Amino acid sequence: MTTAVEAVEVTPQGLIARRLVLLGILAVVLITPAVVSAPSAGLFAQAAVFGIIGLSLNVLMGYAGQISLGHQAFVGVGAFAAAFMTTDGGLPMYVSIPLAAVIGAVTASLLGLVALRIQGLYLALITLAYGLVAERSIFGIQPLTGGGAGKPAFRPAPFESDKIYAYLCLAVLGVILYLDWRMLRTKFGRALLALKSNEQVAASFGMNPVFYKVGAFVLAGALAGLGGGLLAFRQTQVVSQDFTFSTALTYVIMVVVGGLGSRIGVVIGSAFISYLPFLLDGFGRFLEGATTIRPLLWFGENLPVLKIAISALLLLLTITQFPGGIAQQLHPLTMWLSGKPFPKHEKAPRHKKKSLRKKGAFVGTDVADPAAGNGEHEEDPTSSEEG
Amino acid sequence: MGLLEVHGVTKTFGGITANSDVTLDVSEWEIVGLIGPNGAGKTTLFNCITGVYPIDSGVIRFRGTDISDLKTHERAELGIGRSFQNLGLVRGTTVLQNLITAQHMTVPYGVMAGMVGAPETYAVEREVVGKADQILNFTDLMEYRNEIVDDLPYGVLKNVELATVLATDPQLLMLDEPSSGLSPTESDRLGDILLRLREELGVTILMIEHHVPLVLRVCDFVYVLNFGTLLAQGKPKEIREHPEVIAAYLGGETDAA
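Those protein sequence lines, which keep their order, are chains A and B. In terms of my numbering, the first sequence opens at residue 1 and continues consecutively. In terms of my numbering, the second sequence opens at residue 1 and continues consecutively.
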């Protein structure tokens, strides 16, 4: 592998340049909610929340090698629980959102217990059914969800402003990113990766498969519930139509397109999918003004409807061409930014993986191919900067 | 007292008897070979000993305690480490990360402490990396330290796997065909490593192995399985001349002596 690519050494000036660029990106992200309009800040908050939801699903699909096609149920339960506790129960927002995380964790742990017995396609079906059942039963409870009209969830004093709420969401996302980073570099994360690779091998390392599998679902459920709680107060009105199966599919798409197993890729993918309807809206309006060509106009008018088709196309492209998703595309950039020698001409590692798989050198198979990119973004634990 | 005692173990899958009344003993400091033709039930026996399969009857004792009903990870915690015929490695991660992952049992902090980045975890992680490096030096794999395992050739991966099992700090090392995929020189080196393991770390080894020169060189005692039953046992040299063993391997007839 090392013969084909040439590693570039980093000079001190180069390192400073990288740090500056990194700071610049962070600054842009931090300043954006303050300078944009209130509705745009609202979209920003939504993107941050989607990032949290994406990271939640990534724990299952990217790290633990499990699948959830019913993730909208956990997010929805979190959202309704938070709205209910604040609007009907009178609890303050900063209590009901963490409680929503707890409720998400409890509901997901049930699915975790199921995942102990079944795997792969059947687990996918069970999670799908789980989501649909939640949709029909829990989300139909009138006092909890307010029926078709939905449940209001008003924000308390300082957070009424969309801008301040956007900062709250961003801060929570920041904390989750930190936890995710530490998790993957310590005991829990390593156990999940081992479990995904091969359960027997993980057990031979002394890892209790029951504990870590259920643990993965509990963690993912907690994050999904947290995301749901934040989403409830973002929208100030929780409607059950927002948590249908197509929502679950959207979550899966944003995680896969972002890059399974890569937290930065997942956050970017999730933010992108969250923005997609509005981007398409804007593009449609632009076409309306810019052209009189009939097919283009028609295209412009129907863009929002084509959202699902575009997502599906992205998913297809990702799976066939770039299994590492956005993260794989950004890999040279992220390596550069983290100040490490990076290979100049990165080759997609999947070809090599394929050949190895053919030989059957590894036991066990994955549900979805979680990608080339996986783990590579992880700095090797010795070169850590935090020493 | 034997470190590992397998007594009268029988394991059937449906109508097929994979292991029938197998009894074997491994004492501390011993290197014991387990040989037999393909399909003789060697790997099944490994899976029974490590708890992958529950056994139908018989007893498996480790340090005198019955471990027959323990889960795989519980047996690992007692000090049984194993390698796999098709490589027990964590895909998509580096050699170093594999060795770190394998030290799971010796990492003292809880999963939450690791997740929130508690101060003590950083010191532990440094120790873990240090131990991984020690093992890489010991097994002569330092040059592959930061390679993703998926990119390495099979022969190297066999050694990486051995290093990984060592990282679990086992008292009993169970190796499933450690020399498969290795060249004669490489398997000579493997023999050196195995003997040094016993000398320097006091590890006991039970290994499934086909490579006769390696078995003759390192094993103190050999068990031969054929069609799920114990065909013979003895010193490697005796086994090599054993008529039934020769017959089993060559598929010929023999007058049981």
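Note that CB positions come from ideal geometry on N, CA and C, so glycine has one too. All of these numbers come straight from a predicted model, not from anything done at the bench.
The C-beta of Met183 (chain A) comes closer than 8 Å to at least one C-beta of chain B.
It is roughly 38 Å from the alpha-carbon of Leu315 (chain A) to the alpha-carbon of Thr11 (chain A). With its beta carbon at least 8 Å from every one in chain B, Arg285 (chain A) lies outside the interface. Closest in C-alpha terms to Ser262 (chain A), from the list A:Pro92, A:Glu135, A:Arg294 and A:Asn58, comes A:Asn58. In its chain, beyond the 5 residues on either side, Val224, Ile239, His242, Glu244 and Val245 have a beta carbon closer than 7 Å to the beta carbon of Ala232 (chain B).
Short of 6 Å from the beta carbon of Arg61 (chain B), and not among the five residues preceding or following it, lie these beta carbons of its own chain, in chain order: Glu5.
According to DSSP, residue pairing for Ala232 (chain B) in a beta bridge involves B:Val224. Per the DSSP secondary-structure output, Met174 (chain B) pairs in a beta bridge with B:Arg82 and B:Leu206.
Ranked by Cα distance from Ile49 (chain B), the first of B:Asp220, B:Met207 and B:Asn226 is B:Met207. Contact annotation, Ala171 (chain A) with Ser56 (chain A): C-beta distance approximately 17 Å; criterion of less than 8 Å not satisfied. Taking 8 Å as the threshold, the shortest C-beta distance from Ile135 (chain B) to chain A does not fall below it. For the region 127 to 200 of chain B, the continuous alpha helix (DSSP H) assignments of 4+ residues that do not extend past its boundaries occur at 154 to 167 and 184 to 196, in sequence order. Excluding residues up to 5 positions away in sequence, Tyr109 lie with their Cβ nearer than 7 Å to the Cβ of Ala118 (chain B) in the same chain. Distance between Pro323 (chain A) and Thr145 (chain A), taken at the CA atoms: about 38 Å. Secondary structure note for Thr43 (chain B): it is in no beta strand (DSSP E), and the uninterrupted alpha helix (DSSP H) holding it is Lys42 to Thr50. The alpha-carbon of Gln85 (chain B) is positioned some 11 Å away from that of Glu209 (chain B). Each residue's CA atom was taken as its position, placing Ser20 (chain B) and Gln200 (chain A) some 24 Å apart. The Cβ atoms of Gly229 (chain A) and Ala82 (chain A) sit closer than 8 Å to each other.
For Asn208 (chain A), the chain B residues whose C-beta falls within less than 7 Å of its own C-beta are His73, listed in chain order. Not a single CB atom of chain A sits nearer than 8 Å to the CB of Gly39 (chain B).
CA-to-CA, the gap between Ala132 (chain B) and Leu99 (chain B) works out to about 6 Å. Within 8 Å of the CB of Met105 (chain B), the CB atoms of chain A belong to Phe205 and Gly206, in sequence order along the chain.
Check the Cα spacing between Leu173 (chain A) and each of A:Ile319, A:His331, A:Ser270 and A:Phe217: the tightest is with A:Ser270. In the structure shown, Ser27 (chain B) adopts extended strand secondary structure according to DSSP, grouped into three states.
Within chain B, the residues whose beta carbon sits less than 9 Å from that of Gly215 (chain A) are Val111, listed in sequence order. Taking C-alpha positions only, Pro236 (chain B) is separated from Leu173 (chain B) by approximately 19 Å. Among the residues facing chain A, Ile100 (chain B) is included, as its CB has a counterpart in that chain under 8 Å away. Here Val128 (chain B) is buried, its C-beta having at least 16 other C-beta atoms within 10 Å. Proximity of chain B to Thr318 (chain A) at the Cβ level (cut-off 8 Å) is not reached, the minimal Cβ distance being about 17 Å. Within the region 211 to 294 of chain A, the runs of alpha helix (DSSP H) that reach at least 4 residues and sit entirely inside it are, in chain order, 245 to 258 and 263 to 290. In the DSSP annotation of this structure, the continuous segment of the alpha helix (DSSP H) that includes Leu330 (chain A) starts and ends at Gly325 to Leu337. Apart from sequence neighbours up to five positions away, no residue of its chain approaches Val111 (chain B) with a beta-carbon distance below 6 Å. Considering only A:Asn302, A:Ala191, A:Leu125 and A:Gly120, the residue with the shortest C-alpha distance to Ala248 (chain A) is A:Leu125.
Excluding residues up to 5 positions away in sequence, Thr94 and Val95 lie with their Cβ nearer than 8 Å to the Cβ of Glu147 (chain B) in the same chain.
Of all residues in the region 29 to 61 of chain A, none has a C-beta nearer than 9 Å to a C-beta of chain B.
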